[in-house]
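Q: Just dropping this structure here.
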Amino acid sequence: MGGSYIAIPSETKYAKEAYEFVEWLVSPENQLKSFKSDAGLFPSSPVVYDMEEFQNIEDEFFGGQSTAQYFANAAQDISFIFKGTKYKPANDEILNAMKNVQQQGADPERVGCRSRKD
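Residues 810 to 927 (my numbering) are what the sequence shown spells out, left to right.
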């Protein structure tokens, strides 16, 4: 889908616990920890960009330079995302397939497997 989305299904018996987990997951402290890990997940919270520990991370790939603040500045400067002419029809197919799985019980392993010639 081109991004990260977190949802708590209304059917859950544990909405409060799920919400608490989401709060922990997206907390600035956890985002910093995830960035520093081998996963290298870049934080989405600008709060992290001001943390001294974030700003001082050295990147072996870039010869030990501290590049985190450079990438944070770039992340905050994104003004738009280009979506080409095929975006809407492709996105509609994906959303329809997901809806068919959720609402009509379609097999997620088979939905959307048809080929198109156009």
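The C-beta atom is built at its ideal place from N, Cα and C for all residues, glycine as well. Since the structure is predicted, the reported quantities are computational estimates derived from the model, not experimental observations.
CA-CA distance, A883 and A877?
A: Each residue's Cα considered, the two are about 10 Å apart.
Q: Report back the beta-carbon spacing between S853 and Q840 to the nearest angstrom; my notes put them in contact at under 8 Å.
A: Their Cβ separation, rounded to whole angstroms, is 7 Å, which keeps S853 and Q840 in contact under 8 Å.
Q: Taking just the CA atoms, how far does G893 sit from P837?
A: Cα to Cα, the separation comes out at about 33 Å.
Q: Taking 6 Å as the limit between beta carbons, can you name the residues of its chain near Y858, skipping five residues before and five after?
A: Contacts found: A881.
Q: Among residues of its own chain, excluding the 5 on either side of I817, which ones have a beta-carbon nearer than 6 Å to its beta-carbon?
A: So the qualifying residues of the chain are A824, A827.
Q: Would you mind sorting F891 into buried or exposed? The rule is 16 or more other CB atoms within 10 Å of its CB.
A: So F891 counts as exposed.
Q: Excluding the 5 residues preceding and the 5 following S813 in the sequence, name in chain order all residues of the same chain whose CB lies nearer than 8 Å to its CB.
A: Contacts found: S853.
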